[in-house]
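Asker:
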């Protein structure tokens, strides 16, 4: 259920459902505050189409699409 | 502190009381009730919280930079205001969490546990932690505060960037945090200086927090959320940062964003390329004058030569790198402060990704076009270790300014009648360099540095006005560090190369002796000899002959003759081999070395013309045939010929093996491609 965060369309907000990443990368995402229930918004996209910048807990965080795909969100 | 005389006076009048005082002080320092002012304080915080600016505010220039043993992670330790003499403040690397399995977090954990200290410092648990929180992003900063409380060390929380937060209408009550944790909480702005004095006072009385969050990741997040809600209760919701949003819309716009990127980077390059030329010229001139002055003072001889041509020239050729390094880091610091540098990496990331590099590699590569040394140092901005090593390995492929004289010479020899073709070949060299660099990085990332990069999590901080003071401090630090780390090695190498080139002193050739005698004869009877040569001309010819002779029979010249067979498949004769070897001091030396060796073969037709007709030792074959010139051009694009760069690579990559690899790979590649070009052109004609 839900969609990967990289499929969120521009300007849309969603709520984090969970992470599919493991290990160190999972911890890194958790430390950005990507825990279930956190609201994320897709803010802007690099001119090349990737990475994409999300607003997470008030901070602007750029993630590559392949990395953002590890975050499941409820649109 | 009481003055010594006052203390002595007290001792004289009531020794008993002073003993009692001493006991009480002793009890205080061992008891946990009211600890003494801390001696060792660490600064902990998320990246982009202005931690470094705060460090600068607290310590100013009273600090030094050094490494953690066994790592390339460097950190600064300074003497903070507000604490007694001998206290130190350590600026830890910026981290998102203490629990991450990345090197920065590991370093922070070890320092907090007293298991790691900067080089030259003793191992000890810190006496206090200052957690630097970001007022504009408090809910995330509180997670790190929560992690810090679990350490059970006395602490102070500094909520930085409060000026930014206020502008955006973000208000939070720091007293709530202070009451909950029972530690000092100071609201401050390193940029404006607000609250810094209060922070200095609070530093003296850190306290052990009375509360810490539950152990799980979710528990920590909930704890931070709940705490933030409590702090922000009763205040209006924050305004969105409209300036940042508007600028970001422009800077990441498909067209405008790319245009901005290109303009900013062109500007950056132009400034290091052009502006640094002035101080570099001054250094050159200063050392030229110093040499001239010393030359007049010292008697001729070995000491004279050593001091002027060896030491003084060596110091000059080390200092010459400093302007570019300082200017580059001044600009990088300013750009980073504004928040644009992160956007630039965001814009260019995808372009560099196929080569196994991240967007952070762009500035190092760009700077390397001025000089690889500041470029390699700038690779510190690349967060992933493997990405950083690949960037360092590839950086010297970029055509630096030292190659320009060689490119000009060779393209001039190849296309004497066609400036258009010269320009084309010239640009081709730059393209070849970039291409070889990124492909080499890709190969490195697939072979010796395998594995996925650490996921790129790049924070795009809000746009801020940059601080010139911070930028100047950064520039100064980089210059000083370069001289400390690499300066002595570069100086030593320059001197050894000078010595190889200048020694042994040989007897002048018979022809030169004869010319000198004739010149002396001229002076005696002013008749004017054959060919109408004046005594000055004869002396000049004697000088040239002597220089050629000395160059041929110096250690370097003999080495050139010995290794000539190695370079023969590339089409280089003895003289070119000497030129290539001499380039190890700096590539542009090739031009002057060739000038010395081939001078006098065809006088009066200009330097380029005389090179074009210069002959090999056999007296028949041209040195610079088309095939040889192409082979040389390729060689100078690809080969690693700069020993100072190798010194910096070794320092920045953390081990000499990387410098050896860089040397072997670049020279190997150059050898193969130049050889192939020469052999093919020889066959084709």
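Chains as they are written, first to last, in our numbering: chain A, 83 to 157; chain B, 16 to 700.
From the three backbone atoms N, C-alpha and C, an ideal C-beta is built for every residue, glycine too.
1) Ordered along the chain, which non-local residues of its own chain (more than five positions away) have a Cβ less than 8 Å from that of residue 77 of chain B?
2) Determine the direct distance from the alpha carbon of residue 451 of chain B to that of residue 586 of chain B, and round the result to whole angstroms.
3) Can you pull the chain A neighbours of residue 121 of chain B, defined as C-beta to C-beta under 7 Å?
4) Is there contact here, the region 293-310 of chain B with the region 377-392 of chain B, by at least three beta-carbon pairs under 8 Å?
5) Checking contacts by CB at 7 Å: is residue 122 of chain A closer than that to chain B?
6) Here's a check: name, in chain order, each residue in its chain whose Cβ is nearer than 7 Å to the Cβ of residue 97 of chain B, leaving out the five neighbours to either side.
7) Check whether chain A comes within 7 Å of residue 267 of chain B, counting only Cβ atoms and requiring the distance to be less than that.
8) 7 Å is my cut-off, CB to CB: does residue 94 of chain A come that close to chain B?
9) So for residue 341 of chain B, helix, strand or coil by DSSP?
10) May I ask you to list the residues that DSSP assigns as paired with residue 135 of chain A?
11) Can you look up residue 360 of chain B in the DSSP assignment and give me helix, strand or coil?
12) Please state whether DSSP places residue 86 of chain A in a helix, a strand or coil.
13) Quick check: the Cα distance between residue 351 of chain B and residue 588 of chain B, rounded to an integer number of angstroms?
14) Give me the subset of the region 82-106 of chain B whose CB atoms are less than 7 Å from a CB atom of chain A, sorted by chain position.
15) Taking 8 Å as the cut-off, does the region 321-331 of chain B touch the region 469-487 of chain B (at least 3 CB pairs, one atom from each stretch)?
16) Given a threshold of 16 other Cβ atoms within 10 Å of its Cβ, counted over all protein chains shown, does residue 570 of chain B qualify as buried or as exposed?
17) Use the C-beta contact count for residue 516 of chain B: other C-beta atoms within 10 angstroms, 16 or more gives buried, fewer gives exposed.
18) Can you give the Cα-Cα distance for residue 462 of chain B and residue 558 of chain B, rounded to whole angstroms?
19) If we ignore side chains and look at the alpha-carbon of each, how far apart do residue 96 of chain A and residue 139 of chain A end up?
20) Just the chain C side, please: which residues come within less than 7 Å of residue 144 of chain A by C-beta, in chain order?
21) In chain order, what residues of the same chain have a beta carbon less than 7 Å from the beta carbon of residue 473 of chain B, not counting five sequence neighbours either side?
22) Taking just the CA atoms, how far does residue 247 of chain B sit from residue 188 of chain B?
23) Can you list the residues of chain B that residue 159 of chain A reaches, using a CB-CB cut of under 8 Å?
24) With the cut-off set at 7 Å, would you say residue 478 of chain B and residue 444 of chain B are in Cβ contact?
25) Which same chain residues end up closer than 8 Å to residue 597 of chain B when comparing Cβ atoms and leaving out the 5 residues on each side of it in sequence?
26) Taking a contact to mean a Cβ-Cβ separation below 7 Å, would you say residue 613 of chain B touches residue 626 of chain B in this structure?
27) What whole-angstrom Cβ distance do residue 75 of chain A and residue 117 of chain A have, given they're in contact under 8 Å?
28) Name the DSSP beta bridge partners of residue 607 of chain B, please?
29) Can you grab the Cα-Cα spacing for the pair residue 632 of chain B / residue 644 of chain B, in whole Å?
30) Output the distance between the C-alpha atoms of residue 321 of chain B and residue 306 of chain B, rounded to the nearest integer angstrom.
31) Would residue 103 of chain A and residue 116 of chain B qualify as a contact pair, given that the criterion is a beta-carbon distance under 7 Å?
32) Output the distance between the C-alpha atoms of residue 429 of chain B and residue 648 of chain B, rounded to the nearest integer angstrom.
33) From what residue to what residue does the alpha helix (DSSP H) around residue 435 of chain B run?
34) Look at the Cβ atom of residue 199 of chain B, then the Cβ atom of residue 171 of chain B, and state whether they are nearer than 7 Å.
35) So what does DSSP say about residue 22 of chain B, is it helix, strand or coil?
36) Suppose the cutoff is 6 Å on Cβ atoms and the five residues either side in sequence are ignored; what does the same chain contact list for residue 313 of chain B look like?
Answerer: In short, the structure shows the following:
1) Within the second chain, the letter at position 62 stands for residue 77 of chain B. Taken in chain order, the residues that qualify are 93, 94.
2) The residue you call residue 586 of chain B lines up with position 571 of the second chain. The residue you call residue 451 of chain B lines up with position 436 of the second chain. Approximately 22 Å between the Cα atoms of the pair.
3) Here residue 121 of chain B refers to the residue found at position 106 of the second chain. Those do not exist, as residue 121 of chain B stays about 11 Å from chain A at its closest Cβ, beyond 7 Å.
4) no
5) Position 40 of the first chain holds residue 122 of chain A. Answer no: the Cβ-Cβ gap between residue 122 of chain A and chain B never drops below 7 Å.
6) Walking along the second chain from the start, residue 97 of chain B turns up at place 82. So the list reads 215, 216, 218, 219, once near-sequence residues are dropped.
7) On the second chain, position 252 is the one that residue 267 of chain B refers to. Closer than 7 Å: yes.
8) Taking the first residue of the first chain as 1, we reach residue 94 of chain A at position 12. At least 7 Å separates the CB of residue 94 of chain A from every CB of chain B.
9) Residue mapping note: residue 341 of chain B aligns to position 326 of the second chain, counting from 1. Of the three classes helix, strand and coil, the one that applies to residue 341 of chain B here is helix, per DSSP.
10) To locate residue 135 of chain A, count along the first chain from 1; it is residue 53. DSSP, once it has assigned bridges, lists A:126, A:144 as partnering residue 135 of chain A.
11) If you number the second chain from 1, residue 360 of chain B lands on position 345. Residue 360 of chain B: helix per DSSP, three-state reduction.
12) On the first chain, position 4 is the one that residue 86 of chain A refers to. Residue state, collapsed to three classes: strand.
13) Against the second chain, residue 351 of chain B aligns to sequence position 336. Against the second chain, residue 588 of chain B aligns to sequence position 573. Cα-Cα distance, rounded: 49 Å.
14) none
15) Flag = no, the region 469-487 of chain B and the region 321-331 of chain B do not touch.
16) By one-based count along the second chain, residue 570 of chain B stands at place 555. The residue in question, residue 570 of chain B, is exposed, as its Cβ has fewer than 16 Cβ neighbours within 10 Å.
17) If you number the second chain from 1, residue 516 of chain B lands on position 501. Burial of residue 516 of chain B is indicated by the presence of at least 16 other C-beta atoms within 10 angstroms of its C-beta.
18) For the purposes of this step, residue 462 of chain B is taken as the residue at position 447 of the second chain. For the purposes of this step, residue 558 of chain B is taken as the residue at position 543 of the second chain. Answer to the nearest angstrom: the Cα atoms are 53 Å apart.
19) As a first step, residue 96 of chain A is located in the first chain; it is residue number 14 there, counting from the start. As a first step, residue 139 of chain A is located in the first chain; it is residue number 57 there, counting from the start. The alpha-carbon atoms of residue 96 of chain A and residue 139 of chain A are separated by roughly 12 Å.
20) Going by chain labels, chain C is absent from the structure shown, which instead holds the protein chains A and B.
21) Along the second chain, one-based indexing puts residue 473 of chain B at 458. Taken in chain order, the residues that qualify are 357, 360, 361.
22) Locating residue 188 of chain B in the second chain gives position 173, counting from the first residue. Locating residue 247 of chain B in the second chain gives position 232, counting from the first residue. Straight-line Cα distance between these residues: approximately 6 Å.
23) The first residue shown for chain A is 83 and the last is 157, placing residue 159 of chain A beyond what the model contains.
24) The residue you call residue 478 of chain B lines up with position 463 of the second chain. The residue you call residue 444 of chain B lines up with position 429 of the second chain. No, the Cβ-Cβ distance between residue 478 of chain B and residue 444 of chain B is not below 7 Å.
25) The sequence position of residue 597 of chain B within the second chain is 582, counting from 1. Within the same chain, Cβ atoms closer than 8 Å to the Cβ of residue 597 of chain B are found at 512, 516, 571, 604, 605, 608, the five residues on either side in sequence being excluded.
26) Numbered from 1 along the second chain, position 598 holds the residue referred to as residue 613 of chain B. Numbered from 1 along the second chain, position 611 holds the residue referred to as residue 626 of chain B. Contact: yes.
27) Coverage of chain A is limited to positions 83 through 157, which leaves residue 75 of chain A absent and any answer about it impossible.
28) By one-based count along the second chain, residue 607 of chain B stands at place 592. Residue 607 of chain B is not bridged to any residue.
29) Within the second chain, the letter at position 617 stands for residue 632 of chain B. Within the second chain, the letter at position 629 stands for residue 644 of chain B. If I take the Cα positions, the gap works out to 18 Å.
30) Within the second chain, numbered from 1, the residue matching residue 321 of chain B stands at position 306. Within the second chain, numbered from 1, the residue matching residue 306 of chain B stands at position 291. About 11 Å.
31) In the first chain, counting from the first residue as 1, residue 103 of chain A sits at position 21. In the second chain, counting from the first residue as 1, residue 116 of chain B sits at position 101. Not closer than 7 Å, so no.
32) Locating residue 429 of chain B in the second chain gives position 414, counting from the first residue. Locating residue 648 of chain B in the second chain gives position 633, counting from the first residue. CA-CA distance, residue 429 of chain B to residue 648 of chain B, rounds to 10 Å.
33) Taking the first residue of the second chain as position 1, residue 435 of chain B is located at position 420. Counting along the chain, the alpha helix (DSSP H) containing residue 435 of chain B begins and ends at 434-461.
34) If you number the second chain from 1, residue 199 of chain B lands on position 184. If you number the second chain from 1, residue 171 of chain B lands on position 156. Yes, the pair counts as a contact, with Cβ atoms nearer than the cut-off.
35) Reading the second chain from its first residue, position 7 is the one you call residue 22 of chain B. Any reading at residue 22 of chain B needs caution, since the residue's pLDDT is 38, under 50, leaving its predicted position unreliable; the model's value is listed next. In the three-state reduction of the DSSP assignment, residue 22 of chain B falls in the helix class.
36) In the second chain, the residue the question calls residue 313 of chain B occupies position 298. Excluding positions up to five away in sequence, the list reads 319.
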